[in-house]
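In what follows, a structure is listed as structure tokens, so that the remarks can point back to it.
Protein chains in written order, with the numbering used here: chain R, 55 to 252; chain W, 55 to 252.
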């Protein structure tokens, strides 16, 4: 399979790249400032350019999603836009634009997170934009044509990102193996419109 | 109670206004172009102005939420913004700004809808922005101070809006009475962070 990984330089992206390359999938690494293709997901033009460079593909994985993290008192219309432009519209535009470039029976797998339903202090922006992406995934699944599927993977805090553990009291970290299996279900399975809790 | 109803001229808003005025609550009707105060919820400045005019209040109900409704092929970064500016950030800004004006132990009640989990053709924008508002409600509930509560009411298609029935095959319409009870639970109950399915 030819798989575009957006956010390939991150903790999850690197892990998935290594695993999938070992299985001889062709991975196109797309990052903001490194990898095979540079992409700024906050810009629809940059996303369009990425797909033109990448050519037809079988699957897209996104592990990219900037959001505003910080004290509630700093949350405003302006700071809220970090997550809207990033994790929300960044990922939604990957699908709205990418559907013109993906092969029939291809799949999109986006990233959300437990914060949708399990809020934590400082992360209201992520709770909202995760919820948006999850609503979009369910709706896109009934609209996408040519057998194209779409799912989201929704981990808790990631095992390999211990720097975040203290922000997620009570959340059992998602192991890298669980995360991998979540993405496998979307990539190689038949499900669509699902929020996969790995 | 002094209650601001944003979207008081709509089907839900009118119904709730009539019911609550009969019970001697003071209702401030806020609409785009009529009512006691005019407000454009897509503008944070207009929202701020509304709260300054209204003065301290006990509860805010929002039944307002423009979204893009139309064929999937017309869904783009640009058309998606209708719901982001309207039903999503419009309602989120009512809370982020309104928290400075609401009385201690006050409540915010926003509107989402079954589309969050039950998508229908043409309504992907609403599914996404409903999901965003619901994620926000759960997160805001753990952040708001002074005993201020926040919930969302999530109806299916509204009994008194039969013009939409054909777009919601399989959805049993929410009666006006059920809707009223959903809002009552948030207004007069003690729950917070809930998505109330009336």
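Using N, Cα and C, we set each Cβ at its ideal position, and we do this for glycine too. Values in this document were obtained by computation on a predicted structure and should not be read as measured data.
So what does DSSP say about residue 63 of chain R, is it helix, strand or coil? coil
Give the straight-line distance between the Cα atoms of residue 123 of chain W and residue 188 of chain R, rounded to the nearest whole angstrom. 18 angstroms
Using the C-alpha atoms, what's the distance from residue 221 of chain R back to residue 13 of chain W? As shown, chain W starts at 55 and ends at 252. That puts residue 13 of chain W outside it, with no answer to give.
Where the beta strand (DSSP E) containing residue 205 of chain R begins and where it ends: 203-207
Does DSSP classify residue 105 of chain R as helix, strand or coil? helix
Compute the Euclidean distance between the alpha carbons of residue 248 of chain W and residue 240 of chain W, then round it to the nearest angstrom. 9 angstroms
Quick check: the Cα distance between residue 92 of chain R and residue 190 of chain R, rounded to an integer number of angstroms? Take the alpha-carbon of residue 92 of chain R and the one of residue 190 of chain R: they are about 25 angstroms apart.
Span separating the alpha-carbon of residue 97 of chain W from that of residue 108 of chain W: 17 angstroms
From the DSSP secondary-structure annotation, give me the bridge partner or partners of residue 228 of chain R. DSSP lists R:212 as partners of residue 228 of chain R.
For the segment 155-167 of chain W against the segment 133-149 of chain R, do three or more pairs of beta-carbon atoms, one drawn from each stretch, fall closer than 8 angstroms, so that the two count as touching? By the Cβ criterion, the segment 155-167 of chain W is not in contact with the segment 133-149 of chain R, since fewer than three pairs of Cβ atoms, one from each stretch, lie closer than 8 angstroms.
Check the C-beta distance from residue 257 of chain R over to residue 56 of chain R and give it rounded, since I have them as a contact under 8 angstroms. Nothing about residue 257 of chain R can be reported from this structure: the residues present for chain R run from 55 to 252 only.
Interface partners of residue 114 of chain R on chain A, CB under 7 angstroms: Protein chains in the displayed structure are R and W, and chain A is not among them.
Nonlocal neighbours in the same chain, by C-beta distance under 8 angstroms from residue 84 of chain R, ignoring five residues either side: Around residue 84 of chain R: 58, 59, 60, 61, 62, 90, 91, 92, 93, 104, 108.
If the cut-off is 8 angstroms on Cβ atoms, which residues from the segment 205-225 of chain W count as contacting chain R, listed in chain order? none
Starting from the beta carbon of residue 77 of chain R, find every residue of chain W whose beta carbon is closer than 7 angstroms, and list them in chain order. Chain W residues near residue 77 of chain R: none, gap ~33 angstroms exceeds 7 angstroms.
For the candidate residues R:181, R:223, R:65, whose alpha-carbon lies nearest to that of residue 170 of chain R? R:181
Can you find a C-beta in chain R that's less than 8 angstroms from the C-beta of residue 104 of chain W? no
Residue 179 of chain W by DSSP, collapsed to three states: which one? helix
Leaving out five residues on either side along the sequence, give the residues of the same chain with a beta carbon under 7 angstroms from the beta carbon of residue 142 of chain W. 183, 186, 187
Exposure label - residue 177 of chain W; buried when at least 16 CB within 10 Å: buried
Do three or more CB pairs link the segment 194-201 of chain R to the segment 72-81 of chain W at distances below 8 angstroms? no
At a CB-CB cut-off below 7 angstroms, which residues of chain W make contact with residue 84 of chain R? In chain order: nothing, as chain W lies at least about 18 angstroms away.
Between the CA atoms of residue 216 of chain W and residue 238 of chain W - distance to the nearest angstrom: 24 angstroms
Under 8 angstroms between the Cβ atoms of residue 64 of chain R and residue 121 of chain R? no
How would you list, in chain order, the residues of chain R whose beta-carbon sits under 7 angstroms from the beta-carbon of residue 183 of chain W? 186
Under 8 angstroms between C-beta atoms of residue 168 of chain W and residue 210 of chain W: yes
Among residues of its own chain, excluding the 5 on either side of residue 139 of chain W, which ones have a beta-carbon nearer than 7 angstroms to its beta-carbon? 96
Boundaries (first-last residue) of the beta strand (DSSP E) holding residue 151 of chain W: Boundaries for residue 151 of chain W: no beta strand (DSSP E) harbours it, while the alpha helix (DSSP H) harbouring it runs 143-152, taken from the DSSP string.
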